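J.:
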Amino acid sequence: MQGDFSPSATFLNITGGFGFIISAIFFTIRSQQNNSREDYFLALQSGIFASAGLLYEFSSLWDPIWWYVHLLRFLAYSIGLYVILTGFSKLQEVFQNLSGELNDSRKVLLEKQEQLNSIVNNASSVIYLKDIEGRYILINKQFEKIFNLTCEEIKGKTDLDIFEKDFAEKFRENDIQVLKTNTLFELEEQAPLEDGVHDYISIKFPVKGSDGKIYGLGGISTDITYRRKAEKELKRYSNQLEKTNNILERSNKDLEDFAYIVSHDLKSPLRKIISRP
């Protein structure tokens, strides 16, 4: 029996009803495959919407079927609301878990950062980081101590802003070599300190970002001045010892020659005395 509604409204409801039947079949199959409660409720919702759409043709305004159709739709909307709230609750739970994991990761990262800072700032070597233009990004406590500069004061400055031109140009030359070849270098450098020029063994290496591109240069420079002085002193003592040893060897040789001569000179008179009757 034809209702009191327009043909287009009836057509849309019936078409929608068949569409929801297809949707109900899809969610039913997926709920069985995934054992998903959400898919089960979506299949139930689609089935109820399908029933409401197909019954629409047989309803008239305010008649029992019309009320039944709207009751079905209300039930379907209620199921949809339940699915949304359940999904929101799960989404909130996932968000909380992610937040917890993020906080844990941040805590671990901070701990590792503290460990790294502790190692870097308690090292006896000078440690520094520069960008590709040679501007300082970071220095350690030892650098601050021996050059009387803080990390904040040196940020953005180059070696030319800090050291004498000859030293600064040599530093930059070595840095460019590392950046151009993309290779770690171990080399000797000299730097001026308050008590004079010091010798350093420097390890310089390119620093790359997550994209693999070089964005700076790192360096670890160890003061070997006192070791060099000790080596020179040791060499000097070794040379002196060698000279003394040569003198002793010559003295021993002279003494042996003298003893031989004396022994030979004494043997001749003794033989004459012994040979007399």
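So the sequence shown is numbered by the working numbering: it starts at 4 and just counts up by one. Don't be surprised by glycine CBs; every beta carbon is placed ideally from N, CA and C. The structure presented is a predicted model; accordingly, all values stated were derived computationally and were not measured.
Please report how far the alpha carbon of G19 lies from the alpha carbon of I32, in whole angstroms.
T.: 20 Å
J.: Please state the DSSP three-state secondary structure of L64.
T.: coil
J.: Using three-state DSSP, classify E189 as helix, strand or coil.
T.: strand
J.: Taking the alpha-carbon of H201 as reference, which of V210, I28 and Y229 has the nearest alpha-carbon?
T.: In terms of Cα proximity to H201, the closest of V210, I28 and Y229 is Y229.
J.: Quick check on the burial criterion: 16 or more other C-beta atoms within 10 angstroms. Buried or exposed for S54?
T.: buried
J.: Can you give me the C-alpha to C-alpha distance between L15 and Q99, rounded to a whole angstrom?
T.: Roughly 42 Å between the two C-alpha positions.
J.: If the criterion is Cβ atoms closer than 9 Å, does the pair F23 and F52 meet it?
T.: yes
J.: Anyone know if the C-beta pair for F61 and S49 falls short of 9 Å?
T.: no
J.: Taking only three categories from DSSP, how would you classify A194?
T.: strand
J.: Taking the alpha-carbon positions, what's the K211 to G222 distance?
T.: Whole-angstrom Cα-Cα distance: 14 Å.
J.: From the DSSP output, in three-state form, read off F14 for me.
T.: F14 carries a helical assignment under DSSP once its states are collapsed to helix, strand and coil.
J.: Taking E156 as the reference, which of L141, K168, D169 and E167 has the closest Cα?
T.: L141
J.: Our contact map puts L187 next to F166 with C-beta atoms below 8 Å; I'd like the distance itself, whole angstroms only.
T.: Their Cβ separation, rounded to whole angstroms, is 23 Å, which puts L187 and F166 out of contact at 8 Å.
J.: Looking only at its chain, what residues have a beta carbon closer than 6 Å to the beta carbon of I130, apart from the 5 residues adjacent to it on each side?
T.: V123, N143 and I223
J.: Can you tell which of D226, T161 and E147 has the C-alpha that lies nearest to the C-alpha of E192?
T.: D226
J.: Measuring CB to CB, does L190 end up less than 9 Å from I179?
T.: Cβ atoms of L190 and I179: not closer than 9 Å.
J.: Tell me which residues share the same chain as W69 and place their Cβ nearer than 7 Å to its Cβ, disregarding the 5 neighbours each side in the sequence.
T.: Once the five neighbours on either side are set aside, the close Cβ partners of W69 are S62 and S63.
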